[in-house]
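Student: I'd like to ask some things about the structure below.
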Amino acid sequence: MKDSTSLSALIVDDEPPARRRLRKLLSPYVSEGRIRIVGEAGDGVEALDLLESEGVDVLFLDIQMPELSGFELLDRLDASRRPTVIFTTAYNSYALQAFEANAIDYLLKPISKERLAESIQRAHRLVHGAENRGLNDERLGKLLDYIDARRPGDENRSASKDHVRQLSVPYSDRIILVPVDRIISAEIEEGITRVFALEKGDSSGSPRLRRHVVNYTLDQLESMLPSDRFMRVHRSAIVHLDEIKELIPWFSGRYKLLLTGEHEVIASRERSKQLKETLMI
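The structure is reproduced here in structure tokens:
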């Protein structure tokens with residue numbers, strides 16, 4: 001029996017051949033009126049822009065992408081606007097076990113017609129209320145917590161008592177010294193570590209935020225920065241506690257942190273709990 005309600009869908013994958021194949025596999029559902037493809041995105045940043053401007057029921061989401069991974073994209077989505085997610089992945093077995101344990105739907109590349117049909121049927125049930133959407137959101141939150149907890153080196157790292165007062169940052173033909181007190185956050189994307197720091201602004205005296213690429217890992221920075229002022233709030237982010245201006249509730253128990261300079265960082269669910277305890281909220 002054909003579904004009478006069409007689902008709007010966005011395809012997100014950094015490989016054009018993979019997007020073309022998925023669109024081809026979806027073409028029968030488009031012809032039947034069950035799926036309406038509203039667009040495609042080649043990375044997480046492009047997808048985030050599309051999702052903020054376009055209402056989408058179903059997100060076919062790759063995991064390993066430049067700029068923002070599939071998991072990082074989900075961390076940044078407002079729960080009220082987050083679509084039903086179907087991962088399309090070539091991820092290894094440990095991640096697939098996590099998906100299965102938390103009942104998150106995924107399509108293992110190369111995608112088969114049979115598995116696609118099951119995923120679309122489930123998406124219809126979720127969107128139209130035949131399955132518990134709140135329970136699905138909770139399971140997705142657990143999956144993201146699982147990924148957050150797997151940052152390398154955490155179990156072997158011991159905290160250093162020798163904290164630095166400033167960081168040395170190579171810039172062109174010289175080295176810039178960035179005082180620790182001016183650091184807002186340190187973040188890693190695609191293996192590149194960036195430090196966001198305040199510097200003196202224009203004649204009005206307003207400080208501005210500057211981004212520096214540094215030669216440290218986030219684990220190294222975590223051991224170098226004072227633990228009473230800096231906190232690892234995500235596997236890919238450290239923030240200066242004194243520079244947190246607002247905590248905005250996010251989905252599945254997470255918080256979006258608004259920092260000085262209007263900079264935003266998403267905290268994982270477990271770290272959000274620790275953050276509330278640390279700030280005595």
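In the numbering used here, the protein residues as written are 1 to 281. Using N, Cα and C, we set each Cβ at its ideal position, and we do this for glycine too. All of these numbers come straight from a predicted model, not from anything done at the bench.
Around the C-beta of Glu277, are 16 or more other C-beta atoms found within 10 angstroms, so that it is buried, or is it exposed?
Tutor: By the neighbour-count rule (16 or more Cβ atoms within 10 Å), Glu277 is not buried but exposed.
Student: Using a Cβ-Cβ cut-off of 6 Å (strictly less than) and excluding sequence neighbours within five positions of Tyr255, which residues of its own chain qualify?
Tutor: Hits under 6 Å: Leu247, Ala267, Ser272.
Student: Tell me the rounded alpha-carbon separation between Tyr216 and Glu72.
Tutor: Their Cα atoms are separated by approximately 21 Å.
Student: If I'm right that Ile184 touches Leu209 with Cβ under 8 Å, what's the distance once you round it to whole angstroms?
Tutor: The Cβ separation is near 7 Å, so the contact holds.
Student: Can at least three beta-carbon pairs, one atom from the segment 38-46 and one from the segment 5-13, be found at a separation below 8 Å?
Tutor: Taking 8 Å as the limit for Cβ pairs, the verdict is that the segment 5-13 does touch the segment 38-46.
Student: Would you mind sorting Thr5 into buried or exposed? The rule is 16 or more other CB atoms within 10 Å of its CB.
Tutor: Answer is exposed; the Cβ neighbour count stays below 16.
Student: Cβ atoms of Leu50 and Ile86: under 8 Å apart, would you say?
Tutor: No, the Cβ-Cβ distance between Ile86 and Leu50 is not below 8 Å.
Student: Should the segment 223-237 be called in touch with the segment 162-179, which here means at least 3 C-beta pairs below 8 Å?
Tutor: They touch, by the three-pair rule.
Student: Strictly by DSSP, which residues pair up with Met231?
Tutor: According to DSSP, which records beta bridges pairwise, Met231 is partnered with Val239.
Student: Excluding the 5 residues preceding and the 5 following Val169 in the sequence, name in chain order all residues of the same chain whose CB lies nearer than 6 Å to its CB.
Tutor: Cβ neighbours of Val169 beyond the five flanking positions: Ile176, Val178, His212, Val214.
Student: Take the Cβ of Pro17 as the centre, count every other Cβ of all protein chains shown within 10 Å, and call the residue buried at 16 or more, exposed below.
Tutor: Pro17 should be labelled exposed.
Student: Mapping DSSP to helix, strand and coil, what is Ser69?
Tutor: It is coil, neither helix nor strand.
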